[in-house]
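The listed protein sequences correspond, in order, to chains A and B. Anchor point for the first sequence: position 6 equals 207 in this note's numbering, and the numbering is continuous, going up by one each time. Anchor point for the second sequence: position 110 equals 113 in this note's numbering, and the numbering is continuous, going up by one each time. Written below as structure tokens is the structure these notes are about.
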Amino acid sequence: MIPLQSNSETPFPSIIADLLGLDASEPAVLIVLSVVAAGVIATVLLTMTAVLGIWGKRKITAAFTDRIAVNRHGPYGLLIIPADAVRLLSKELIVPSEVDRPAWDLAPLIIASSALLGFAVIPFGHGLQLADPEIGLAYVFAVASIASLGLLMAGYASNNKFSFLGGLRAVAQNLAYEIPLVITGASVVIFAGSLRMSTIVEVQQQTLVSLGGIAIPSWFAFVNPFAFALFLIANLAEVGRNPFDIPEAPTEIVAGYQTEYSSVYFVLIYLGEFIHIFLGGAIIATIFLGGASGPVLPGVVWFFIKMISVYLFTQWARSAVPRVRVDQLIQIGWKGMLVLSFANLVLTAVIVGVAAA
Amino acid sequence: MSNPWIAIGALALVALAIPLSMMAVSSLLRPSVPEQGKRAVYESGEVPTGDTRIKFNIQYYMVALLFVVFDIETVLIFPWTVIYQDAVANVGLAEALVPMLAFIGILVIGLGWAWRNGAVKWVRSPRAQAQRVEQ
């Protein structure tokens, strides 16, 4: 078996360097190769968003509501993707009166960029990881929460009452569920003993139990299913999908913080939201589902299967679960999730401590 | 040893370049047809009334304040989780676990206090309460 952990702290650029016969320890070479590697990762993510965000989302929602959805443009309606891209980019940009100009323009940029930035430390496969710093998990939580800033900016700068409410709700929601998310993440670190993403994946490769000759790996979802469930729910709230989609609840406040955004700015917010869902899926796949490991198929394929499964789960929740009210949201977050995540952390610490001592 | 932050910085460059280039492409493609009334903010098709930047529910402020406390706490919990297993092996279970339990305990008491004071209970405004129709 190929080791999941590589010696370099920049595995993906190093692989490219080896292929081209270059020396990655040279800073100039590393910068160029890192940009190339980052470009590859960003392209993959944009393609995923194009396929799953424009086409897949419609097909999935249609399947839930017993419709057919797009089927006129090309096979299975797939050509809707380029058509929609051109349509959205060539729409007129309507700037409402009295918007706060720098903030209003910066918000879509922040939402889209912060989502992409989180993927820097995600190990997609054997060595397919852009950077592997020692504080990987803390970094990914930190970067993923920058988006709340963008949501608040969008809501406040739009000078629209629906946007204003949406922005406030988005921040209240992200604040309420950020703590359970991070605390549950910390309970995983107790098992792994490291914040480095590749180490967290490596630790999960050991065998937990053998059932009838089949070795079940110690994925943290199997080791601690309770933490997995908590993380999955907190993640739904972080990416703002049902039952926690009140920041943009269409039947209450039109579209929330994105009410006044049109044209390319709308595309950027939409893109940012989808990449955030993928980032949530990637974090769950890495810290709970054993990262890029699985039988028969190559690791990268397994990683994308796990990541897209989480995406499908959010889409299922979007179609199947009713929305909570804002007061329920705050109470579930602060009285339920927070207390449960602390209980999870303390119990994990006690059990691991007693087992180790 | 290659520095991982160079690679992260590279992704930051790409993550900024992609939205900016999309904005550039869009500005070349899109029309600009200013019309009267087009720039009005959306208010369900009505003429917008009143100011947007109004006083809003204090609850948003309360939960934000509570968040600051717990966010700082997570920063302090993370280093502990990293060294926890080694610490149990080196200094024993009691010394590694009990201080953190005390720390979390104090914070949980703080949460209980905020809970009792209604910081995490969504209050209805008196006006909304007066207009409420019982089913």
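Virtual Cβ for every residue (Gly too), placed ideally from N, Cα, C.
- Chain-ordered listing is empty here: chain B has no CB closer than 7 Å to the CB of Thr250(A), the nearest sitting near 11 Å.
- Note that the C-beta distance between Trp256(A) and Ile217(A) is not below 8 Å.
- Checking the DSSP bridge columns, you'll see Thr262(A) has no partner listed.
- Judged by DSSP in its simplified three-state form, Ser520(A) adopts helix.
- With 16 or more other Cβ atoms from the protein chains shown falling within 10 Å of its own Cβ, Val383(A) counts as buried.
- Residue pairing by DSSP places Leu412(A) opposite Ile415(A) in a beta bridge.
- Between the alpha carbons of Phe505(A) and Gln459(A) lies a gap of roughly 29 Å.
- In the three-state scheme derived from DSSP, where H, G and I count as helix and E and B as strand, His327(A) is classed as coil.
- Under the Cβ criterion of 8 Å, Arg33(B) is counted among the residues facing chain A.
- Distance from the CA of Val101(B) to the CA of Ile488(A), rounded to the nearest whole angstrom, comes to 26 Å.
- Boundaries of the alpha helix (DSSP H) harbouring Val237(A): Pro228 to Met249, taken from the DSSP string.
- Fully contained in the stretch 323 to 405 of chain A is no beta strand (DSSP E) run of length 3 or more.
- Judged by DSSP secondary structure, Thr452(A) falls within the alpha helix (DSSP H) whose first and last residues are Pro451 to Ile454.
- The DSSP-derived three-state label of Val440(A) is coil.
- For Leu539(A), the closest of Ser520(A), Ser209(A), Thr515(A) and Phe432(A) by C-alpha to C-alpha distance is Phe432(A).
- What Ser298(A) touches in chain B, judged by beta-carbon distance under 8 Å, is Arg42, Ala43 and Val44, going in chain order.
- CA-to-CA, the gap between Phe429(A) and Phe421(A) works out to about 8 Å.
- Distance check between Phe363(A) and each of Val402(A), Arg526(A), Thr452(A) and Val497(A) places Thr452(A) closest, using alpha-carbon atoms only.
- Linking Thr266(A) to Val497(A) through their CA atoms gives a straight-line distance of about 35 Å.
- Below 8 Å, too few C-beta pairs join the stretch 43 to 52 of chain B and the stretch 335 to 351 of chain A to call them touching: fewer than three.
- A straight-line Cα-Cα distance of about 12 Å links Ile485(A) and His477(A).
- Each of Gln330(A), Pro283(A), Asp224(A) and Ser346(A) was checked against the Cα of Ser314(A), and the nearest Cα belongs to Ser346(A).
- By the CB criterion at 8 Å, Leu409(A) and Phe59(B) fall outside the cutoff.
- Any Cβ of chain A closer than 8 Å to the Cβ of Trp125(B) would place that residue at the interface, and such an atom is present.
- Phe81(B) carries a helical assignment under DSSP once its states are collapsed to helix, strand and coil.
- Residue state for Asn93(B) is assigned as helix, using DSSP reduced to three classes.
- Relative to the Cα of Val296(A), the nearest Cα in the group Val91(B), Leu114(B), Gln39(B) and Ala92(B) belongs to Gln39(B).
- Only exposed fits Gln407(A), as fewer than 16 other CB atoms lie within 10 angstroms of its CB.
- With 16 or more other Cβ atoms from the protein chains shown falling within 10 Å of its own Cβ, Lys507(A) counts as buried.
- In this model, Gly319(A) and Gln134(B) are separated by some 46 Å (Cα to Cα).
- Neighbours of Leu396(A) in chain B, taken as residues whose beta carbon is under 8 Å from its own, are Phe81 and Val85 in chain order.
- In this structure, Gln374(A) keeps its C-beta atom at 8 Å or more from the C-beta atom of Phe479(A).
- Contact annotation for Ala99(B) against chain A: Gly554 [CB-CB distance below 7 Å, chain order].
- Residue-level contact by beta carbon holds for Ile11(B) and chain A, with a gap shorter than 8 Å.
- In the structure shown, Arg288(A) adopts helical secondary structure according to DSSP, grouped into three states.
- Going by C-alpha positions, Asn360(A) is about 34 Å away from Gly12(B).
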